[in-house]
Every structure is written in C-alpha cells, then in structure tokens.
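What follows is a short report on a single structure.
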Amino acid sequence: MSLVKTAIRINAPASVVWSILDESHRYPDWNSVVQAMAGRTTLGKELALTFSPADRILNINVRVSRLVALREFRWGGKLPRRIWKGSFLAVKIIPLFMRGEHSLIIKPECHTSCSLIHEEAFSGLLPRLTWKLIEPMFSKAYDQMNIELKSRAERIYNKTCGFSLHPVVDKGHFREAGSNIEAVGKLHCHCVREKIEISVSERSSHNHLCGCSICWKPQGALFSQVAVVPTDSLEVTANGHKLAVVDPVATIRRYACQMCGVHMYGRVDDSNNHYYGMDFVHLELAENQSNSPPEFAGYVSSLIESGVNPSEMASIRRALSEKDIDCYDVLSPELMDVISFHRRKINGL
Ligand SMILES: [Zn+2]
Ligand SMILES: [Zn+2]
Numbered sequence: 477m478s479l480v481k482t483a484i485r486i487n488a489p490a491s492v493v494w495s496i497l498d499e500s501h502r503y504p505d506w507n508s509v510v511q512a513m514a515g516r517t518t519l520g521k522e523l524a525l526t527f528s529p530a531d532r533i534l535n536i537n538v539r540v541s542r543l544v545a546l547r548e549f550r551w552g553g554k555l556p557r558r559i560w561k562g563s564f565l566a567v568k569i570i571p572l573f574m575r576g577e578h579s580l581i582i583k584p585e586c587h588t589s590c591s592l593i594h595e596e597a598f599s600g601l602l603p604r605l606t607w608k609l610i611e612p613m614f615s616k617a618y619d620q621m622n623i624e625l626k627s628r629a630e631r632i633y634n635k636t637c638g639f640s641l642h643p644v645v646d647k648g649h650f651r652e653a654g655s656n657i658e659a660v661g662k663l664h665c666h667c668v669r670e671k672i673e674i675s676v677s678e679r680s681s682h683n684h685l686c687g688c689s690i691c692w693k694p695q696g697a698l699f700s701q702v703a704v705v706p707t708d709s710l711e712v713t714a715n716g717h718k719l720a721v722v723d724p725v726a727t728i729r730r731y732a733c734q735m736c737g738v739h740m741y742g743r744v745d746d747s748n749n750h751y752y753g754m755d756f757v758h759l760e761l762a763e764n765q766s767n768s769p770p771e772f773a774g775y776v777s778s779l780i781e782s783g784v785n786p787s788e789m790a791s792i793r794r795a796l797s798e799k800d801i802d803c804y805d806v807l808s809p810e811l812m813d814v815i816s817f818h819r820r821k822i823n824g825l
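Counting from 477, one number per residue, gives the positions in the sequence shown under my numbering.
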C-alpha cells in the first residue's frame, strides 16, 4: 500500500469543517479537486465524483467506507466510471491494478480550531509502478483542496454579519430593557386596518428565541421570539374574526391573522400536556416594548430544518453567545427538568 499524506491546520471549529465536507451538493462552490459529489454521504452509499487531481477531469464512482460524524469521512474507489463501468475489466481486473481509499480525518484542537489529515491509500500494481508520478500529483491536489477548505471554513466561521438573529436582539441593547412591568398589555397584528388586538393582563415569563420551523418569525430573522403568559390572562379584544388556527392537529394551536399571517398566540387544549395553562405570545407585537428580554435561545439546531446550512451554525451560536444568550437545542435545562417531571406526574410518579 502506498500513502499520499497531507494535513492542514484550520482556525475554525471541527463542526464547521465537517459540515463543509458533508454539504456535498456545494462542492462546486469551493472545491477545485473534488469538483462535484452526487449521492448521499451515508455509510455504504455510492457517490459520483467529478475529480480533478491534475488537469484532467475524471468521473469516478466511489462508496462511502467510513463515516464518523464530525471526525472522519472515507470513501473507496477504483476506476474512472465512464471508461470501465459495467465491464468485466471494471469488476475483476482493474482493482488489481489500482484502488484508492480516500480519508478526511478531523482532529479538534480546541473549540475554535482543528487539524485535517487528508490522505489517500493506494493499492494495486499501477500505483507501485508509477508512484513517482502519482505521489506528487495527488499531494499537490490535496494540498490545494486543503487550502480551499481552510479558506472556506475560516470565512464562514468569522462571518459576523449577513444574518439577522431577531430584530430585538440585533439592536443590541435589549438587555437594558426594563422587565418589571406588571402586564404585557396590548399586542397587535401587522394589518394596516382592523388589526387584531390581544390583551394580556399579566407579565410574561421565559421569553426566549426559538429556532423551530413552526413559530412565526419577523421577515428575514432566523429566530422567533416567544414568551409565556398565563392562559387566563389573555383575551382577544379586537377583530378576533380574522383569527384562524394554523395547524389544527398540532399540539400547540397557533392562532394567526388570516390577512397578515402574524401568529397572535398559541394555546394547548390537552390538559395532560406540560404546556397546559400557558399561552405563547410574540412580545415584539406588544405596544409596550419594555417587556422582559430574551433569556435563552431554544431549538437552535432546528434552524437547519428551515434551510440554514450546517456550516453556518457555529457562527450563529457564536453570535448568540456574544449577545449573552445561551444556546440550547430543545429548551433551557431548567424547563426541560420541569417537562420531564411532568411526564412522571402524568404516569402517577
Ligand atoms: Zn393581521
Ligand atoms: Zn418554535
């Protein structure tokens, strides 16, 4: 076996580097060596590569041979697809001449950097005979791909603008907002005329950012802002005829304006549900903007389900932490403890 071995240090978290490698449909945007990768990055699945180790472009079918999330991506291949596919030579003879096992191994160094080991192990007669030709050619190509990967990872990780977390958070001074008001007050939808009006006679709790794909978000914002109010404190006080439930089968029935689409409140009707007795509101709709600021961000990883690229998640999480907002992928630990105990209560402790 003959080994082409390259490495590079990258000033971005392992998760960013991994995501770029895993977002195979975006290879044409940055990779001059593996110029395209079609297929699913799943163990055992076949990938069709457009591969350019030098000036030539080869179309190769490979198979994912190892996949350890965030750490290791390997594939094996043996032949240019368009020349040999389906032939006896392809299946029986060519592997004796040349086979390659490509590996990309990520080693985290700290939360903000990692190193990449990028290798290809060749076996067969051909590499042995032509090693002096193959080794420098592949080393040069993989060094080039490493540089391109490093450049993309560091650029994505260091991106500090270009996305809106939420208008309230983007302004930056939300921590200074007072949170001692006694009642949320009136909330309105975005219609110009005949606005729906909701009145909340109590203060809100647990105001947070939500990254799920269901909650209503201001246009362009990654997150929704959601707070909890007691169900018996909320009343529809104007133009309630414009309200409709967004999804009748969802656990949280979200009442939205049929004209402007704004979600006015969410309510749970199932008395066994842990949210029963609490309504959900979006505080940016309130007349009084002195309501409590967001305390944490929940369902952050769910942003990916809404179309955010995984490689951008680290910079989004970092932007939240720079705003002093803790990130969780469900809800805050304290709320999750309450929900878990509720499940026990339902089952009779
Ligand atoms: Zn409206
Ligand atoms: Zn949500």
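Beta carbons: idealized from backbone N, C-alpha and C, even for Gly.
Just so you know, these numbers come straight off a predicted model, no measurement behind them.
Assigned exposure category for residue i - 16 Cβ within 10 Å defines buried
{"i": "ASP746", "result": "exposed"}
{"i": "GLU577", "result": "buried"}
{"i": "ASN507", "result": "buried"}
{"i": "GLU711", "result": "exposed"}
{"i": "VAL757", "result": "buried"}
{"i": "TYR752", "result": "exposed"}
DSSP-derived helix/strand/coil call for residue i
{"i": "SER640", "result": "strand"}
{"i": "MET789", "result": "helix"}
{"i": "LYS618", "result": "The question names Lys, but residue 618 in the sequence shown is Tyr. Here TYR618 sits in helix by DSSP."}
{"i": "ARG628", "result": "helix"}
{"i": "THR606", "result": "helix"}
{"i": "ARG550", "result": "strand"}
{"i": "PHE699", "result": "coil"}
{"i": "GLU763", "result": "coil"}
{"i": "ALA490", "result": "helix"}
{"i": "GLU611", "result": "helix"}
{"i": "GLU810", "result": "helix"}
{"i": "VAL538", "result": "strand"}
{"i": "LEU519", "result": "coil"}
{"i": "ALA512", "result": "strand"}
Nearest to residue i (by Cα), restricted to the options the options
{"i": "GLU596", "options": "LEU811, SER589, THR606, ILE610", "result": "ILE610"}
{"i": "PHE772", "options": "HIS666, LEU479, TYR804", "result": "TYR804"}
{"i": "SER680", "options": "VAL705, ARG820, SER689", "result": "VAL705"}
{"i": "ARG485", "options": "SER777, VAL510, THR588, ALA732", "result": "THR588"}
{"i": "SER709", "options": "GLY716, ASP723, SER675, ALA703", "result": "SER675"}
{"i": "LYS647", "options": "SER599, PRO770, ASN748", "result": "PRO770"}
{"i": "VAL832", "options": "HIS642, TYR731, GLY520, VAL784", "result": "In the structure as shown, the chain starts at 477 and stops at 825, and residue 832 therefore has no counterpart that could be examined."}
{"i": "LYS821", "options": "VAL702, CYS691, PHE639, ASN749", "result": "ASN749"}
{"i": "SER640", "options": "PRO694, GLY783, GLU781", "result": "PRO694"}
{"i": "GLU658", "options": "SER495, ASN764, VAL784", "result": "ASN764"}
Cα-Cα separation, residue i to residue j
{"i": "TYR741", "j": "ASP755", "result": "7 Å"}
{"i": "GLY552", "j": "ALA490", "result": "23 Å"}
{"i": "VAL544", "j": "GLU798", "result": "30 Å"}
{"i": "ASN537", "j": "GLU522", "result": "7 Å"}
{"i": "ALA790", "j": "LEU497", "result": "15 Å"}
{"i": "ARG558", "j": "SER478", "result": "In this prediction, ARG558 scores a pLDDT of 49, lower than 50, which makes its location untrustworthy; the coordinate-derived value is nonetheless stated afterwards. Their Cα atoms are separated by approximately 25 Å."}
{"i": "GLY824", "j": "GLY661", "result": "38 Å"}
{"i": "GLY696", "j": "LEU779", "result": "13 Å"}
{"i": "ARG631", "j": "LEU625", "result": "10 Å"}
{"i": "SER591", "j": "HIS664", "result": "51 Å"}
{"i": "ARG729", "j": "ASN487", "result": "44 Å"}
{"i": "ALA512", "j": "ALA483", "result": "22 Å"}
{"i": "LEU546", "j": "THR518", "result": "13 Å"}
{"i": "LEU534", "j": "GLU781", "result": "34 Å"}
{"i": "ARG793", "j": "ILE815", "result": "24 Å"}
Residue list, Cβ distance to ligand 1 heavy atoms smaller than 5 Å: Look at which beta carbons fall closer than 5 Å to any heavy atom of ligand 1; those residues are CYS665, CYS667, CYS733, MET735, CYS736.
Contact shell at 5 Å, judged by CB to any heavy atom of ligand 2, ordered along the chain: CYS686, CYS688, CYS691
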